[in-house]
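Undergrad:
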């Protein structure tokens, strides 16, 4: 009896174990459950971080600075004109005349266009009374005038006003009748510019100078000449052109020479 109980107990245990170990609902053996573990992390390539698009800027090796460009006007700065350039310009204006470089260089250093004559030049074509009418007789530095270029300044003296004036040359013009004009100005203390002109032919020089004290006329034959105010020389008619032209004066002088 005791053996039968043992026999049935063994059967129950075996059946329970078989059920647990070998059978599932599908009738296939049950394998131990495998707990899924997360896969090992794989090294990922770095992800590019999106940034606002900007133009590629290469690393500058050195900052390059452009030199400032300045424009230089030779006509406004006579100091930029070399001696050779000045001599060439003079020769081009007077192709039939030779200028001695040594004499030209010396004339360039002189500061005045004329000086008051120590003696009255009696060879000037004037009427007897005109030698004593109060005009200023001068020794003209004609070579000094020939050397002048735009931007140059030259001093002129007028005895009647007792003043020295600085004439700045603005431009030069060569005329068809072999005469050359230098146009410039005097800057007055009142802030105004007063026009000045000198015109030279082969031998004759004429000029007109506006000053704060009035208008003055110049005439020279060679280096001998005179300077006088318009008030002394003329009774001015506003309807008459009182401009002086070198060729007209030369024609008058030649006529006077032939008439004697």
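Residue numbers (the working numbering): -16 to 243.
In this text, a Cβ means the ideal position worked out from N, Cα and C, and glycines have one as well.
Just so you know, these numbers come straight off a predicted model, no measurement behind them.
Around the Cβ of residue 202, are there at least 16 other Cβ atoms within 10 angstroms (buried) or fewer (exposed)?
TA: Along the chain shown, one-based indexing puts residue 202 at 219. Buried is the call here.
Undergrad: Compare the beta carbon distance of residue 127 and residue 93 with 9 Å and say whether it is the shorter of the two.
TA: Here residue 127 is taken as the residue at index 144 of the chain shown, counted from 1. Here residue 93 is taken as the residue at index 110 of the chain shown, counted from 1. Yes, the Cβ-Cβ distance between residue 127 and residue 93 is below 9 Å.
Undergrad: Which same chain residues end up closer than 6 Å to residue 65 when comparing Cβ atoms and leaving out the 5 residues on each side of it in sequence?
TA: Indexing the chain shown from 1 puts residue 65 at position 82. If we look at residue 65 and ignore the five residues flanking it on each side, it has no Cβ neighbours.
Undergrad: In whole angstroms, what separates the C-alpha of residue 205 from that of residue 197?
TA: Working through the chain shown from its first residue, we reach residue 205 at position 222. Working through the chain shown from its first residue, we reach residue 197 at position 214. Rounded to the nearest angstrom, the two C-alpha atoms are 26 Å apart.
Undergrad: Would you mind stating whether residue 153 and residue 174 have Cβ atoms separated by less than 9 Å?
TA: Position 170 of the chain shown, counted from the start, is the residue given in the question as residue 153. Position 191 of the chain shown, counted from the start, is the residue given in the question as residue 174. Going by C-beta atoms, residue 153 is not nearer than 9 Å to residue 174.
Undergrad: Quick one, are the C-beta atoms of residue 88 and residue 117 less than 9 Å apart?
TA: Position 105 of the chain shown holds residue 88. Position 134 of the chain shown holds residue 117. No.
Undergrad: Going along the chain, which unbroken runs of the alpha helix (DSSP H) with 4 or more residues stay wholly within the segment 104 to 182?
TA: Runs of the alpha helix (DSSP H) inside the segment 104 to 182: 125 to 130.
Undergrad: Any idea if residue 85 is buried or exposed, counting beta-carbon neighbours within 10 angstroms, 16 or more meaning buried?
TA: As a position in the chain shown, residue 85 is number 102, starting the count at 1. Looking at its Cβ environment, which holds fewer than 16 other Cβ atoms inside 10 Å, residue 85 is exposed.
Undergrad: Would residue 96 and residue 70 qualify as a contact pair, given that the criterion is a beta-carbon distance under 9 Å?
TA: Position 113 of the chain shown, counted from the first residue, corresponds to residue 96. Position 87 of the chain shown, counted from the first residue, corresponds to residue 70. Contact: no.
Undergrad: So, helix, strand or coil for residue 213, using DSSP?
TA: Indexing the chain shown from 1 puts residue 213 at position 230. Of the three classes helix, strand and coil, the one that applies to residue 213 here is helix, per DSSP.
Undergrad: Relative to the C-alpha of residue 159, which candidate in 151, 141, 76 has its C-alpha closest?
TA: The residue given as residue 159 occupies position 176 in the chain shown. It is 76.
Undergrad: Give a single yes or no on whether residue 156 has its beta carbon closer than 8 Å to a heavy atom of the ligand ZN.
TA: No copy of the ligand ZN appears in this structure; indeed no ligand is present at all.
Undergrad: Please work out which residues of its chain come closer than 7 Å, Cβ to Cβ, to residue 177, disregarding the five sequence neighbours upstream and downstream, and give them in chain order.
TA: The residue you call residue 177 lines up with position 194 of the chain shown. So the list reads 168, 169, 171, 193, 194, 195, once near-sequence residues are dropped.
Undergrad: Please determine, among 107, 129, 78, the residue with the shortest C-alpha to C-alpha distance to residue 119.
TA: Against the chain shown, residue 119 aligns to sequence position 136. Of the listed residues, the one whose Cα sits closest to residue 119 is 107.
Undergrad: So, at 7 Å on beta carbons, what are the nonlocal neighbours of residue 215 in its own chain, with the 5 sequence-adjacent residues on each side left out?
TA: Position 232 of the chain shown, counting from 1, holds the residue named residue 215. 116, 117, 118.
Undergrad: In the structure shown, what three-state DSSP assignment does residue 65 receive?
TA: The count along the chain shown starts at 1 and reaches residue 65 at position 82. Coil.
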